[in-house]
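Engineer: Residues in the sequence shown are numbered from 10 upward in steps of one, following this note's numbering.
By construction, the Cβ of each residue, glycine as well, lies at the ideal position given by its N, Cα and C atoms.
Just so you know, these numbers come straight off a predicted model, no measurement behind them.
Input: one structure, supplied below.
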Amino acid sequence: MDKCISDHKVIVFELPYSKPKLLKRTITCRKKNIDNRALSTDIQRAAEDMKNDYNTNLVDTYNRKLKQLLNIHAPLRTRIVTDRPSAPWMTSHIKELKTERRRAERKWRSTNLCIHKEIYRDLNRKLKNAIETAKKYFYCHKIEECVTSKALYNVAKTLSGKGGSSSPVKKEDVMKIINTSPKSCCLDPIPTPLLVIHLEHLIEPITTMINQSLLSGIVP
């Protein structure tokens, strides 16, 4: 083994093991190229209708109307996908470098020229550096997410008060929290990216729901 490539010894052996087949599953998804202008018009109408429910079932009306609009403008579709296990820090740049490295290695193996060997070694170094950088970024981002969650928890604790009465929240505060929380969950009537786009039409009922929850001490 060339020490310029690796200082490890090669061990060759055979195992009676076949590569497991990749699993396939059916998923539901929505189209991303939504006509946001038409959706915005419908959301404005829905927001006006919600004003009649501010003192009754605002949460139910909010969820029902937004789900209806989402199903109209982006109906659910089913598709079959193949699960391909991959490292969580894998990026498209790393995949491209791996492809280039494999191509360079085949070229070097076929020609055995020094220039092709140097190209392969250079790509190998670039790939290792890219993987190291991607890992650092991935884990740092995970830590930052934990910090952000803690910060959001502290904000929620401040808004809800600490054993005392709570003051109403402002639209600006709610908008700031929503804009810094890009993730969605299964309970959201529409995905957060869409909510952010049309937030100006929905911020009033959302703020009203939060203040009603703070006053009643009940989370709907």
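Determine the contact status of ILE212 and LYS180, defining contact as a CB-CB distance below 7 Å.
Structural biologist: Along the sequence shown, read from residue 1 onward, the residue named residue 212 stands at position 203. Along the sequence shown, read from residue 1 onward, the residue named residue 180 stands at position 171. In contact: ILE212 and LYS180 (Cβ atoms closer than 7 Å).
Engineer: Which of the three DSSP states, helix, strand or coil, is assigned to CYS123?
Structural biologist: Sequence index remark: in the sequence shown, residue 123 carries index 114 (1-based). Helix, per DSSP.
Engineer: In whole angstroms, what is the alpha-carbon distance linking LYS137 and LEU67?
Structural biologist: Taking the first residue of the sequence shown as position 1, residue 137 is located at position 128. Taking the first residue of the sequence shown as position 1, residue 67 is located at position 58. Their backbone Cα atoms lie some 54 Å apart in a straight line.
Engineer: Let me check understanding here. Comparing Cα to Cα, which of LYS185, ILE89, GLU57, ARG118 lies closest to LEU32?
Structural biologist: For this step, residue 32 is matched to residue 23 along the sequence shown. Looking at the Cα atoms, ILE89 is the closest of the given residues.
Engineer: For LEU79, is the classification buried or exposed, using 16 other Cβ atoms within 10 angstroms of its Cβ as the cut-off for buried?
Structural biologist: Numbered from its first residue, the sequence shown carries residue 79 at position 70. When all chains shown are included, LEU79 counts as buried.
Engineer: Buried or exposed: LEU196, going by 16 or more other Cβ atoms within 10 Å of its Cβ?
Structural biologist: By 1-based counting over the sequence shown, the position of residue 196 is 187. Per the 10 Å Cβ criterion, exposed.
Engineer: Less than 7 Å between the beta carbons of ALA113 and LEU85, yes or no?
Structural biologist: Counting from 1 along the sequence shown, the entry for residue 113 is found at position 104. Counting from 1 along the sequence shown, the entry for residue 85 is found at position 76. Against a cut-off of 7 Å, the Cβ pair of LEU85 and ALA113 comes out as no contact.
Engineer: Since VAL90 is in the beta strand (DSSP E), which residue starts that stretch and which ends it?
Structural biologist: In the sequence shown, the residue the question calls residue 90 occupies position 81. Its beta strand (DSSP E) spans residues 86–91.
Engineer: Which residue comes first and which comes last in the alpha helix (DSSP H) that contains THR37?
Structural biologist: Counting from one through the sequence shown, the residue named residue 37 turns up at place 28. Note, THR37: premise wrong, no alpha helix (DSSP H); beta strand (DSSP E) at 33–38.
Engineer: Counting along the chain, where does the alpha helix (DSSP H) carrying VAL183 start and finish?
Structural biologist: Counting from one through the sequence shown, the residue named residue 183 turns up at place 174. From DSSP, the alpha helix (DSSP H) with VAL183 extends over 180–188.
Engineer: Looking only at its chain, what residues have a beta carbon closer than 7 Å to the beta carbon of TRP98, apart from the 5 residues adjacent to it on each side?
Structural biologist: By 1-based counting over the sequence shown, the position of residue 98 is 89. Within the same chain, TRP98 has close Cβ partners ALA143, LYS144, PHE147.
Engineer: What first and last residue would you give for the alpha helix (DSSP H) that runs through ASN45?
Structural biologist: Indexing the sequence shown from 1 puts residue 45 at position 36. It spans 45–59 - the alpha helix (DSSP H) in which ASN45 sits, taken as one unbroken run.
Engineer: Rank ARG130, ILE20, MET59, LYS30 by C-alpha distance to the C-alpha of ARG110 and give the top, closest one.
Structural biologist: Indexing the sequence shown from 1 puts residue 110 at position 101. Of the candidates ARG130, ILE20, MET59, LYS30, the one whose C-alpha sits nearest the C-alpha of ARG110 is ARG130.
Engineer: Give every residue of the same chain whose Cβ lies closer than 7 Å to the Cβ of VAL205, excluding the five residues on either side of it in the sequence, and list them in chain order.
Structural biologist: Position 196 of the sequence shown, counting from 1, holds the residue named residue 205. Contacts found: ILE187, ASN188.
Engineer: Given GLY173, which residues of its chain have a CB within under 7 Å of its CB, disregarding the five upstream and five downstream residues?
Structural biologist: Position 164 of the sequence shown, counting from 1, holds the residue named residue 173. Bear in mind that a pLDDT of 47 at GLY173, under 50, signals an unreliable position, so the model cannot answer this.
Engineer: If you draw a straight line from the alpha carbon of GLU57 to that of TYR71, how long is it in whole angstroms?
Structural biologist: Position 48 of the sequence shown, counted from the first residue, corresponds to residue 57. Position 62 of the sequence shown, counted from the first residue, corresponds to residue 71. Each residue's alpha carbon lies about 11 Å from the other.
Engineer: Under a three-way DSSP split, which group does TRP117 fall into?
Structural biologist: One-based indexing of the sequence shown puts residue 117 at position 108. Here TRP117 sits in helix by DSSP.
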